[in-house]
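Protein chains in written order, with the numbering used here: chain A, 638 to 908; chain B, 858 to 1078.
We treat Cβ as the ideally placed atom computed from N, Cα and C, and that holds for glycine.
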Amino acid sequence: MTTVGPAAVAPSAMVRIEKLSKSFGSLPVLRDIDLEVKPGEVVVLIGASGSGKTTLLRCINCLEVPTRGRIWVDGEPMGDLAADGAFRPLPDAALNQRRAHIGMVFQRFNLFAHMTALQNVSLAPVMVKKLPRAEAEEVAARLLAKVGLSDKLHVYPSKLSGGQQQRVAIARALAMSPKLMLFDEATSALDPELVGEVLGTMKQLAEEGMTMIVVTHEMGFAREAGDRILFLHEGKILEEGTPEAIFTSPREERTRAFLSRVLHPTEPPRR
Amino acid sequence: MSYTFRFEVVRDNLGFLLWGIKATLLVTAAALAVGLVLGLIVALGRMSRRASLRGAAIAYIELFRNTPALVQLIWVYYCLPILTGINMSAAVSCTLALAVNAAAYIAEIIRGGIQGVDRGQVEAARTLGMSYAQTMRKIVLPQAFRRMIPPFVNESVSLLKFSSLVSVLGVADLTYQAQVLSTTTFRPIEIFTFIAIVYFVICTAMSYAARLLEIRLAASD
Chain A
638 MTTVGPAAVA PSAMVRIEKL SKSFGSLPVL RDIDLEVKPG EVVVLIGASG
688 SGKTTLLRCI NCLEVPTRGR IWVDGEPMGD LAADGAFRPL PDAALNQRRA
738 HIGMVFQRFN LFAHMTALQN VSLAPVMVKK LPRAEAEEVA ARLLAKVGLS
788 DKLHVYPSKL SGGQQQRVAI ARALAMSPKL MLFDEATSAL DPELVGEVLG
838 TMKQLAEEGM TMIVVTHEMG FAREAGDRIL FLHEGKILEE GTPEAIFTSP
888 REERTRAFLS RVLHPTEPPR R
Chain B
858 MSYTFRFEVV RDNLGFLLWG IKATLLVTAA ALAVGLVLGL IVALGRMSRR
908 ASLRGAAIAY IELFRNTPAL VQLIWVYYCL PILTGINMSA AVSCTLALAV
958 NAAAYIAEII RGGIQGVDRG QVEAARTLGM SYAQTMRKIV LPQAFRRMIP
1008 PFVNESVSLL KFSSLVSVLG VADLTYQAQV LSTTTFRPIE IFTFIAIVYF
1058 VICTAMSYAA RLLEIRLAAS D
């Protein structure tokens, strides 16, 4: 492998995580996670609740500050190591710049309640990328059309269904032209009949070559759109592989148990 | 009851009472303005990450919420000049006392408004690369402001009523003018009935205006 210059940190990786640990107080949530995500790859994190999937996702953009370890996104570090090995996030200004290239979609949409769909999507490009308002609104309108909401530009979030809100949230993230998209249980808060429209948008994004890290309980999506599945258990990546490998012949007993629980529930799934 | 009401006394001394109304409005408005600035500072201290600032803000809020306003007024008027050597007119020291009192309540209103804004929206803004200041300005404050209107109007109304306390220290507000007029005309019933109506009308108008504002702002929801 020919690495050039000081950027010797796997320049081909979109995300690189080394020995990442996170504790909430004395409670360890992530233990020594190593992970590399290639550009264009769709990585799906699965695991029982409390396994650390969401925390791992939130560590990548430093929404949650890791306790130890290192993270690079697109070759750039998200923080450095203090003398005692603790993770120290970048100063705010630098962190904001990095975050501008990392889109995130939340379980509860988190749209700005006092703004229309168009304003939600065009705000950050104006504030962060300093795009002229007219241009930002043009981009926003295009993205909202892309997610099938061209008739909802001037509607407030409270007047949109959950699925529509989530699609606005996806458009909002895309408006920053991210290199990487993080999805944190993007369909878990939706009524069952609305899940499809959001998953459809996510699949389309995956097909267009977006690098995505997706926390989800939707095994159908994981199987169809995922390039690689990671199974997390008690803060560790217990098993990883192609969807084919994970779903048809999981090696670990815990993976098997988890999959049989979510794929063939003997009782109605609890919500 | 054989009392004969003579409301002419109000009409004949309208100028005198009007002067009091003006003073009452002025003291209230000035106290609110100063209280708003001070309250914002205290609220920021209350929400600070630094424990010392938080502690100081809590102490301030508790001190002024748990002592009578009249005692605060008298304390500022009589004790503060002795302790600091700064001499102020009764009107200034009364306005100041009402302002520091109002600031304690306003601080809690501001904090409630800001903390009532959904954390998720703040996180969403930060993940888009917006700075803390931008997030405050574009996301938190506009929504917090709307939540603050009703309690802020309540505070203004109660401050206007509390401003009648300044009469105790000889500031010529509406209540003071009414007292003076009562002793010179021997018509306290008419005069105090009249000023009660004046206070009522002003306070009601404030609440009504606030409700209109709220409805207008809510139109976007």
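Whose Cβ in chain A lies nearer than 9 Å to the Cβ of residue i?
i	result
M987/B	N733, R736, A737, L760, A761, M764, V765
Can you tell which of the options has the C-alpha that lies nearest to the C-alpha of residue i?
i	options	result
E845/A	K783/A, L693/A, A894/A, L790/A	K783/A
L897/B	A914/B, L882/B, L883/B	A914/B
L919/A	G799/A, L780/A, S886/A, G872/A	The question about residue 919/A has no answer, for chain A in this structure spans 638 to 908.
R826/A	S798/A, M818/A, A808/A, M849/A	Before going further, note that residue 826/A is Ala rather than Arg in the sequence given. Closest by alpha carbon: S798/A.
R863/B	E1047/B, F1051/B, I1072/B	E1047/B
T692/A	E881/A, A754/A, I874/A	I874/A
S1021/B	P1007/B, V1055/B, A908/B	V1055/B
N958/B	P1045/B, L889/B, V866/B	L889/B
V1023/B	C1060/B, I1006/B, A956/B	A956/B
E774/A	E673/A, S759/A, G677/A	S759/A
R976/B	F1051/B, L998/B, Y962/B, A961/B	L998/B
Which chain B residues sit within Cβ distance under 8 Å of residue i?
i	result
F820/A	Within chain B, no residue comes near F820/A; the closest Cβ sits about 12 Å away, beyond 8 Å.
D729/A	S988, Y989
Residues of chain A with CB closer than 7 Å to the CB of residue i, please, in chain order.
i	result
G977/B	F743, R745, N747
Q991/B	M764
Based on the DSSP output, what are the partners of residue i in its beta bridges?
i	result
K659/A	L667/A
W709/A	R653/A, P714/A
G740/A	M818/A
I866/A	V681/A, G878/A
F858/A	Paired residue(s): none; F858/A is not in a bridge.
A723/A	R705/A
I850/A	V680/A, L819/A
V674/A	V652/A
K873/A	H870/A
Verify whether the separation of the beta carbon atoms of residue i and residue j is less than 8 Å.
i	j	result
G684/A	H901/A	no
T966/B	F1009/B	The sequence shown places Ile at residue 966/B, rather than the Thr named in the question. Yes, Cβ-Cβ distance for I966/B and F1009/B is below 8 Å.
L874/B	Q1034/B	yes
V1028/B	A948/B	yes
F820/A	V851/A	yes
A750/A	P794/A	yes
C936/B	V884/B	no
K616/A	L682/A	The question about residue 616/A has no answer here: the residues shown for chain A are numbered 638 through 908.
G970/B	R994/B	no
L786/A	V765/A	no
S658/A	L667/A	yes
T892/A	F868/A	yes
A778/A	M813/A	no
A823/A	Q744/A	yes
I918/B	R903/B	yes
P726/A	G712/A	no
E877/A	P887/A	no
S1064/B	V1014/B	yes
A964/B	V899/B	yes
Give the residues of chain B in contact with residue i, contact being defined as C-beta atoms less than 9 Å apart.
i	result
L700/A	E980, R983, T984
Just checking: is the beta-carbon of residue i within a distance shorter than 8 Å of some beta-carbon in chain A?
i	result
K879/B	no
I996/B	yes
Would you please verify whether the beta carbon of residue i is less than 8 Å from any beta carbon of chain B?
i	result
M813/A	yes
M638/A	Since pLDDT at M638/A reaches only 44, below the 50 mark, its modelled position is unreliable, and the value read off the structure follows with that caveat. No, its Cβ sits nowhere closer than 8 Å to a Cβ of chain B.
A645/A	Caution applies to A645/A, whose pLDDT of 49 falls short of 50 and renders its modelled position unreliable; the value that the coordinates give is listed next. No, its Cβ sits nowhere closer than 8 Å to a Cβ of chain B.
G642/A	Below a pLDDT of 50, predicted positions are generally treated as unreliable, and G642/A, at 43, falls in that range; the measurement from the model is reported next regardless. Taking Cβ atoms only, chain B never reaches closer than 8 Å to G642/A, which makes this a no.
M651/A	no
G800/A	no
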